[in-house]
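Numbering (our numbering), first residue to last: 156 to 534.
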């Protein structure tokens, strides 16, 4: 009985007190931003037949997934995924991300261009970026463009991003439930950690949510854009069973736990791609990450602790696409995240893409440099 009382008390505190503190902190630190996104330069011809192609699109965003070069520096052989993607007809694109932080990297995809560049006024908070931008009165450029093309935007997020249904269809409505990220990590340290995935219902696992729902959506194959923000291999890390949380913290990038979680992600990604190939073989698939791991924070080999090498690891991403052969003529091996999504939109219309200049920008997480963006130029 005492154990039950302690268990219920833990849930009461973690479910209400921690979220309350979190919300209060955000309210103090996040004032409305003055940043305004520009209208996309990708124009839709309203007189043109926009239904020349109706393939579904599956955009699989793996948070914190490293580039091929970073895995080599970490002495990790990731050929199991690369070989599988090659066998499935994927084409590898550029390995550099657009930004070194999630909220700007994904904002650039939804904005179809760089939301903030070097020389812009300093921003004071993240409210103008992802995921908050999905709650704005005006839908982001990507969603607007897809709507013009007759596409429904289906979103599968995680316990960090949530899912605001204002402009998208939530594949599963995920909110900050009675367990948030912080309390999930605390619970994973207890005897109840093994059953955490049952309680959270895979709040970190956007790919499984689509796999579980695939039979019901397979009947409606036309004109859907599925955006999956899969939280792994970003911390918190996964245990050996690839389901329960193991991470010692929410931000630490322990190398051994990271590569183990990568293996879990690889297995899930290959299962999802196999499911898509079987039930929707004409579907366009993008496998991409927003940024790589923060290798400078932990026990990586000292030769890689050099600041520039750590930043290379951070901005390095995976970026591969599977598209109809009619669109291969417009592909370039150097395409980054923004030009990749521009390519996909153009492929749906079967017209030549309008590319922007490939650049990478970096910013600080906190401190006096927070809100200042600089172009990254490798040494």
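The beta-carbon is built from N, C-alpha and C at its ideal position, and this holds for glycine as well. Because the structure is a prediction, the values reported are computed rather than measured.
Could you spell out the range, first to last residue, of the beta strand (DSSP E) harbouring residue i?
i	result
residue 443	439 to 443
residue 214	212 to 217
residue 226	Here residue 226 belongs to no beta strand (DSSP E); instead the alpha helix (DSSP H) covers 223 to 228.
Could you give the first and the last residue of the continuous alpha helix (DSSP H) run that contains residue i?
i	result
residue 265	257 to 266
residue 313	From DSSP, residue 313 is part of no alpha helix (DSSP H); its letter is neither H nor E.
residue 503	492 to 504
residue 285	Careful: residue 285 lies outside any alpha helix (DSSP H) and carries neither H nor E.
residue 616	Because residue 616 is not part of the residues shown, which for the chain are 156 to 534, the question remains open.
residue 297	296 to 303
What's the call for residue i, buried or exposed, on a 16-neighbour Cβ count within 10 Å?
i	result
residue 250	buried
residue 272	exposed
residue 507	exposed
residue 385	buried
residue 551	The chain is shown only over 156 to 534; residue 551 falls outside these bounds and no answer can be derived.
residue 389	buried
residue 467	buried
residue 244	exposed
residue 517	buried
residue 446	buried
residue 556	Because residue 556 is not part of the residues shown, which for the chain are 156 to 534, the question remains open.
residue 253	buried
Quick one: residues in its chain with C-beta nearer than 6 Å to the C-beta of residue i, no 5 flanking neighbours on either side, listed in chain order?
i	result
residue 309	324, 326, 379, 381
residue 233	226
residue 525	519
residue 397	419
residue 277	526, 527
residue 412	392
Using three-state DSSP, classify residue i as helix, strand or coil.
i	result
residue 471	strand
residue 524	coil
residue 165	helix
residue 318	coil
residue 393	strand
residue 271	coil
residue 239	helix
residue 368	helix
residue 519	coil
residue 289	helix
residue 476	strand
residue 388	coil
residue 307	strand
residue 246	strand
residue 157	helix
residue 279	coil
residue 512	coil
Report all residues from its chain with a CB closer than 7 Å to the CB of residue i; omit the five preceding and five following residues, and keep chain order.
i	result
residue 231	414
residue 365	311, 326, 381, 383, 427
residue 423	362, 363
residue 483	none
residue 529	273, 516, 517
residue 430	366, 369
residue 487	none
residue 523	none
Write down the C-beta distance between residue i and residue j rounded to the nearest angstrom, noting that I regard them as a contact closer than 8 Å.
i	j	result
residue 217	residue 439	Actually they do not touch by this definition, with Cβ atoms about 17 Å apart.
residue 239	residue 425	5 Å
residue 513	residue 533	The pair is not a contact, with the Cβ atoms about 13 Å apart (cut-off 8 Å).
residue 495	residue 478	The pair is not a contact, with the Cβ atoms about 10 Å apart (cut-off 8 Å).
Among residues of its own chain, excluding the 5 on either side of residue i, which ones have a beta-carbon nearer than 8 Å to its beta-carbon?
i	result
residue 485	498, 501, 502, 507, 508
residue 263	253, 254, 269, 270, 492, 493
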